[in-house]
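J.: Numbering of the sequence shown is given in numbering that gives the first Met the number 0, commencing with residue 0 and proceeding in unit increments.
Every residue, glycine too, gets a C-beta built ideally from N, C-alpha and C.
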Amino acid sequence: MNVVTLPSTEAIAELAAKHYVEVLTAKPDAVLGFATGSSPLPTYNRLVELCDAGDVSFADARGFLLDEYAGLPKDHPQNYRTWLNEQFISKVNFQEGAVQGPEGDKDDPFAAAAKYEKALVDAGGVDFQILGIGTDGHIAFNEPGGSLSSLTHPQVLNEQTLVDNARFFDGDVNQVPKYSITQGLGTILRAKDIILIAQGEQKAEAIAAMVEGGVSVRWPASVLQFHNSVTVILDEAAASQLKEKDFYQYVWEREQELRA
Ligand code: GLP
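The structure is reproduced here in structure tokens:
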């Protein structure tokens, strides 16, 4: 893992957006993996600006969401596909239908999950995936205690996630759907290239466990230690429990010099 700590939300978004530009310049028809949530939003906003300026194009790209609440109507504002479409997809130049997500409104969530896993395989896999992280260490909606090699599956959400996400549902934990359909950890590990963004003190414990702890289903994001191309972009607060933060920063800066 490469771990870099940056001073501002703007700097984080700039670095992540620059990576999208590199990926799409090298491969205009790249398959992109999208996370929802507050962590990638500034990056998406920056990409809208870059697209408006003609500095990046999504015209030939395809996209896959990481996860989706189960049981929310498609037009609910917190339906992840609706949210991502409103915040980002509709603001750049993706072709109609180029971005898909798990179908959380089907009677058989297992069949919907298997169908989505197949769609990812049929698309040739994800070239570049952006991730956030939950305070309990989940990525996508892979909660503690699952399988480190899981494929797309229905996932019961744990209490911490319901509490964390209640802020998007009028602060009412009872309105948060109790389960989701999520790409599995094994699915995410197949992405060729990954950036994970985390900001804020509330993410610090999960980040330390992911980067410096043992690989364990207690902290699902720790499975990323097995991936050979992960860049973790943090603010100072999210990095605050890392024991070797200064060393990671030193390595990052030296590697940028080598690549320059
Ligand atoms: C949700 C999503 C994750 C996201 C996480 C963190 O549970 N399923 O994909 O990474 O929340 O969200 P945020 O970036 O808003 O803190």
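1. Can you list, in chain order, the residues of its chain whose CB lies under 8 Å from that of V155, leaving out five sequence neighbours each side?
2. So the beta strand (DSSP E) F63 belongs to, where does it begin and stop?
3. For the candidate residues D51, H152, V250 and E21, whose alpha-carbon lies nearest to that of A113?
4. Evaluate the contact criterion for the segment 230-238 versus the segment 185-198: three or more CB pairs, one atom per stretch, below 8 Å.
5. Can you give me the C-alpha to C-alpha distance between P101 and V216, rounded to a whole angstrom?
6. Run through the segment 166-194 for me and flag every whole alpha helix (DSSP H) of 4 or more residues, listed as ranges in chain order.
7. Considering only C-alpha positions, which residue in the set N78, I129, N84 and L241 is nearest to K17?
8. Sorted by chain position, which residues of the same chain lie with C-beta nearer than 7 Å to I138's C-beta, five sequence neighbours on each side aside?
9. Going by the beta-carbon positions, is the gap between T42 and A12 smaller than 9 Å?
10. Please confirm whether L71 and D104 have their CB atoms less than 9 Å apart.
11. Could you check what DSSP says for T151 in three-state terms: helix, strand or coil?
12. Are A29 and F127 touching if we call contact CB-CB under 9 Å?
13. Would you identify the three-state DSSP class for I88, choosing helix, strand or coil?
14. Do you know how far the Cα of D74 is from the Cα of N164?
15. Strictly by DSSP, which residues pair up with I138?
16. If we ignore side chains and look at the alpha-carbon of each, how far apart do Y249 and D171 end up?
17. Say yes only if the C-beta of F168 is nearer than 8 Å to one or more non-hydrogen atoms of the ligand GLP, and no if none qualify.
18. If contacts are defined as beta-carbon pairs under 8 Å, then A238 and T4 qualify, I think. What distance do you get, rounded to the angstrom?
19. Within the segment 92-133, note down every full alpha helix (DSSP H) run reaching 4 residues or more, in order along the chain.
20. Using the C-alpha atoms, what's the distance from K244 back to R253?
21. On the three-pair Cβ rule with 8 Å, is the segment 115-126 touching the segment 91-98?
22. Just how far apart, CA to CA, sit L23 and A190?
23. Residues bridged to V210 by DSSP?
24. Going by the beta-carbon positions, is the gap between A58 and N92 smaller than 9 Å?
25. Please determine whether the Cβ atom of H75 lies at a distance below 8 Å from any heavy atom of the ligand GLP.
26. Do you know how far the Cα of A203 is from the Cα of L14?
27. Any idea what DSSP makes of N164, helix, strand or coil?
T.: The short version:
1. The sequence position of residue 155 within the sequence shown is 156, counting from 1. Excluding positions up to five away in sequence, the list reads E142, K177 and Y178.
2. Mapped onto the sequence shown, residue 63 falls at position 64. R61 to L64 is the extent of the beta strand (DSSP E) around F63.
3. Counting from 1 along the sequence shown, the entry for residue 113 is found at position 114. It is H152.
4. Yes: the two stretches touch, three or more of their Cβ pairs being nearer than 8 Å.
5. Residue mapping note: residue 101 aligns to position 102 of the sequence shown, counting from 1. Residue mapping note: residue 216 aligns to position 217 of the sequence shown, counting from 1. Just so you know, the alpha carbons of P101 and V216 end up roughly 23 Å apart.
6. DSSP runs (the alpha helix (DSSP H)) wholly in the segment 166-194: 184-188.
7. Here residue 17 corresponds to residue number 18 of the sequence shown, with the count starting at 1. Minimum Cα distance to K17 is reached at I129.
8. Locating residue 138 in the sequence shown gives position 139, counting from the first residue. Taken in chain order, the residues that qualify are L130, I132, I187, P219 and A220.
9. Along the sequence shown, one-based indexing puts residue 42 at 43. Along the sequence shown, one-based indexing puts residue 12 at 13. For the 9 Å CB-CB criterion, T42 and A12 form a contact.
10. Taking the first residue of the sequence shown as position 1, residue 71 is located at position 72. Taking the first residue of the sequence shown as position 1, residue 104 is located at position 105. In contact: L71 and D104 (Cβ atoms closer than 9 Å).
11. Locating residue 151 in the sequence shown gives position 152, where the first residue counts as 1. Assigned with DSSP and collapsed to three states, T151 falls in coil, not helix or strand.
12. In the sequence shown, counting from the first residue as 1, residue 29 sits at position 30. In the sequence shown, counting from the first residue as 1, residue 127 sits at position 128. Going by beta carbons, A29 and F127 fall inside the 9 Å limit.
13. As a position in the sequence shown, residue 88 is number 89, starting the count at 1. Of the three classes helix, strand and coil, the one that applies to I88 here is helix, per DSSP.
14. On the sequence shown, residue 164 is found 165 positions in, with the first residue counted as 1. On the sequence shown, residue 74 is found 75 positions in, with the first residue counted as 1. Their Cα atoms are separated by approximately 18 Å.
15. Residue mapping note: residue 138 aligns to position 139 of the sequence shown, counting from 1. N141, per the DSSP bridge assignment.
16. The residue given as residue 249 occupies position 250 in the sequence shown. The residue given as residue 171 occupies position 172 in the sequence shown. So the two alpha carbons sit approximately 43 Å from each other.
17. Locating residue 168 in the sequence shown gives position 169, where the first residue counts as 1. It does not: the Cβ of F168 is nowhere closer than 8 Å to a heavy atom of the ligand GLP.
18. In the sequence shown, residue 238 corresponds to position 239, counting from 1. In the sequence shown, residue 4 corresponds to position 5, counting from 1. About 4 Å separates the beta carbons of A238 and T4, which is inside the 8 Å limit, making them a contact pair.
19. Fully enclosed alpha helix (DSSP H) runs of 4 or longer: 108-121.
20. Numbered from 1 along the sequence shown, position 254 holds the residue referred to as residue 253. Numbered from 1 along the sequence shown, position 245 holds the residue referred to as residue 244. Going from the Cα of R253 to the Cα of K244 covers about 14 Å.
21. No: the two stretches stay apart, fewer than three of their Cβ pairs being nearer than 8 Å.
22. Against the sequence shown, residue 23 aligns to sequence position 24. Against the sequence shown, residue 190 aligns to sequence position 191. In this structure, the straight-line span from the alpha carbon of L23 to that of A190 is close to 15 Å.
23. Stepping through the sequence shown from its first residue, residue 210 is reached at position 211. Looking at the DSSP output, V210 sits in no beta bridge, so it has no partner there.
24. On the sequence shown, residue 58 is found 59 positions in, with the first residue counted as 1. On the sequence shown, residue 92 is found 93 positions in, with the first residue counted as 1. Yes, these two residues count as a Cβ contact at 9 Å.
25. Here residue 75 is taken as the residue at index 76 of the sequence shown, counted from 1. Not one heavy atom of the ligand GLP is found less than 8 Å from the C-beta of H75.
26. Counting from one through the sequence shown, the residue named residue 14 turns up at place 15. Counting from one through the sequence shown, the residue named residue 203 turns up at place 204. Between the C-alpha atoms of L14 and A203 there is a straight-line separation of about 20 Å.
27. The count along the sequence shown starts at 1 and reaches residue 164 at position 165. Three-state result, N164: helix.
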